[in-house]
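Q:
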Amino acid sequence: MGRCGNVHEAAKAIAFLASEDASFITGETLRVDCGAAVANAGIGVPGNLETLTLEQYEHQQLVNTTSVFSLLKLAMPELKKTRGNVVAVSSIAGLKPIDSMLTYCVSKAGMDQMIRCISLEVAKDGVRVNCINPGAIYTNIFNAMGIFGDGMTYEKANALVSKTHPIGRIGNVYETGKAIAFLASDDASFITGVTLRVDGGAALVLPLPDIPLGNK
Numbered sequence: 021m022g023r024c025g026n027v028h029e030a031a032k033a034i035a036f037l038a039s040e041d042a043s044f045i046t047g048e049t050l051r052v053d054c055g056a057a058v059a060n061a062g063i064g065v066p067g068n069l070e071t072l073t074l075e076q077y078e079h080q081q082l083v084n085t086t087s088v089f090s091l092l093k094l095a096m097p098e099l100k101k102t103r104g105n106v107v108a109v110s111s112i113a114g115l116k117p118i119d120s121m122l123t124y125c126v127s128k129a130g131m132d133q134m135i136r137c138i139s140l141e142v143a144k145d146g147v148r149v150n151c152i153n154p155g156a157i158y159t160n161i162f163n164a165m166g167i168f169g170d171g172m173t174y175e176k177a178n179a180l181v182s183k184t185h186p187i188g189r190i191g192n193v194y195e196t197g198k199a200i201a202f203l204a205s206d207d208a209s210f211i212t213g214v215t216l217r218v219d220g221g222a223a224l225v226l227p228l229p230d231i232p233l234g235n236k
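Just so you know, we're using this note's numbering here: the sequence shown kicks off at 21 and counts up by one.
1. With contact counted as at least three CB pairs below 8 Å, one residue from each stretch, are the region 138-154 and the region 180-187 in contact?
2. Just to confirm before moving on: does the CB-CB distance between K153 and S110 stay below 7 Å?
3. Figure out for me which residue from L115, G197 and A59 has the closest Cα to the Cα of L224.
4. Do N68 and S120 have their C-beta atoms closer together than 7 Å?
5. If you draw a straight line from the alpha carbon of G204 to that of V107, how long is it in whole angstroms?
6. For the beta strand (DSSP E) that contains I152, what are its first and last residues?
7. Start and end of the beta strand (DSSP E) containing L82?
8. Within its chain, find whatever has a CB closer than 7 Å to the CB of A143; leave out the 5 residues flanking it on each side and keep chain order.
9. Using CA atoms only, rank isn't needed, just tell me which of G64, P117, T173 and V58 is closest to F89.
10. Given a threshold of 16 other Cβ atoms within 10 Å of its Cβ, counted over all protein chains shown, does A113 qualify as buried or as exposed?
11. Within 10 angstroms of the Cβ of P66, are there 16 or more other Cβ atoms? Answer buried if so, exposed if not.
12. Rounded to whole angstroms, what is the Cα-Cα separation between D145 and I200?
13. If I follow the unbroken beta strand (DSSP E) through V225, where does it start and stop?
14. Within 10 angstroms of the Cβ of C174, are there 16 or more other Cβ atoms? Answer buried if so, exposed if not.
15. When we look at the beta-carbon of Q80 and count the other beta-carbons within 10 Å, is it buried (16 or more) or exposed?
16. Going by DSSP in three states, N105 sits in which element: helix, strand or coil?
17. Less than 6 Å between C-beta atoms, sequence neighbours within five positions excluded: which residues of the same chain meet that for L99?
18. Which residues in the same chain have their Cβ closer than 6 Å to the Cβ of R103, if we skip the five residues on either side of it in sequence?
Below is the structure:
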């Protein structure tokens, strides 16, 4: 195209893949070159110490935490050459406990600490490493995780979330995309090792009040 891309284009691409507009797209790798690596993978199986199996625990750790380690290990040599940066997508579940989401919380907390450790390791190489910690964001995975039970519509999810997020509504993928774009941009050139909450204030009031969680 004869020009360098920018992080806002990357943010739009991320938002698109997370939206209903991409509901028929799966298993695709979208490459948007902007000097940043975005680690955005996550699954969640509701459950507690009594109900979760070891297999469920290990699988969530593999997808939510180990995959980020693998991506950064592969990408870091190139990022050091370009003095690029990393933005990982974590969750407020990594900062606050959520009832009946034991393994998800543990895996996201592990990701947060990994981001802090790696940011310290590579700062001398001019590579910044940060992550965002979203609250409830309505995406395709929302129902797949069964967090609020089967067949949850946007309207019902928004009504429930409005009780737990002080800002009074559920978040959307464009808001998380813009946060990623900011951390990946030169506007954040002096920021590294942070966990940026994009949660409508939810972490201020957690643990959550009575909300029906799937498979509880």
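Where a beta carbon is used, it is the ideal one built from N, C-alpha and C, also for glycine.
A: Let me spell this out:
1. no
2. Here residue 153 corresponds to residue number 133 of the sequence shown, with the count starting at 1. Here residue 110 corresponds to residue number 90 of the sequence shown, with the count starting at 1. The displayed chain sequence assigns Asn, not Lys, to residue 153. In contact: N153 and S110 (Cβ atoms closer than 7 Å).
3. Residue numbering aside, residue 224 sits at position 204 when the sequence shown is read from its first letter. L224 has its Cα closest to that of L115, out of L115, G197 and A59.
4. Taking the first residue of the sequence shown as position 1, residue 68 is located at position 48. Taking the first residue of the sequence shown as position 1, residue 120 is located at position 100. Closer than 7 Å, so yes.
5. Indexing the sequence shown from 1 puts residue 204 at position 184. Indexing the sequence shown from 1 puts residue 107 at position 87. Note on identity: in this sequence residue 204 is Ala, with Gly being the wrong assignment. Rounded to whole angstroms, A204 to V107 spans 7 Å at the Cα level.
6. Numbered from its first residue, the sequence shown carries residue 152 at position 132. R148 to P154 is the extent of the beta strand (DSSP E) around I152.
7. To locate residue 82, count along the sequence shown from 1; it is residue 62. Counting along the chain, L82 falls outside any beta strand (DSSP E), and DSSP gives it neither H nor E.
8. Taking the first residue of the sequence shown as 1, we reach residue 143 at position 123. Around A143: T212.
9. Translated into positions along the sequence shown, residue 89 becomes position 69. Here the closest residue by C-alpha is V58.
10. Start at 1 with the first residue of the sequence shown, and residue 113 comes out as number 93. Answer is buried; the Cβ neighbour count reaches 16.
11. In the sequence shown, the residue the question calls residue 66 occupies position 46. Its Cβ being crowded by 16 or more others within 10 Å, P66 is buried.
12. Reading the sequence shown from its first residue, position 125 is the one you call residue 145. Reading the sequence shown from its first residue, position 180 is the one you call residue 200. So the alpha carbons of these two residues sit roughly 21 Å apart.
13. Position 205 of the sequence shown, counting from 1, holds the residue named residue 225. Note, V225: premise wrong, no beta strand (DSSP E); not H, not E.
14. Within the sequence shown, the letter at position 154 stands for residue 174. The identity of residue 174 in the sequence shown is Tyr, whereas the question assumes Cys. Its Cβ having fewer than 16 others within 10 Å, Y174 is exposed.
15. By 1-based counting over the sequence shown, the position of residue 80 is 60. Flag for Q80 reads buried.
16. Within the sequence shown, numbered from 1, the residue matching residue 105 stands at position 85. Here N105 sits in strand by DSSP.
17. Residue mapping note: residue 99 aligns to position 79 of the sequence shown, counting from 1. So the list reads V147, once near-sequence residues are dropped.
18. As a position in the sequence shown, residue 103 is number 83, starting the count at 1. Excluding residues within five positions, the ones whose Cβ falls inside 6 Å are G146.
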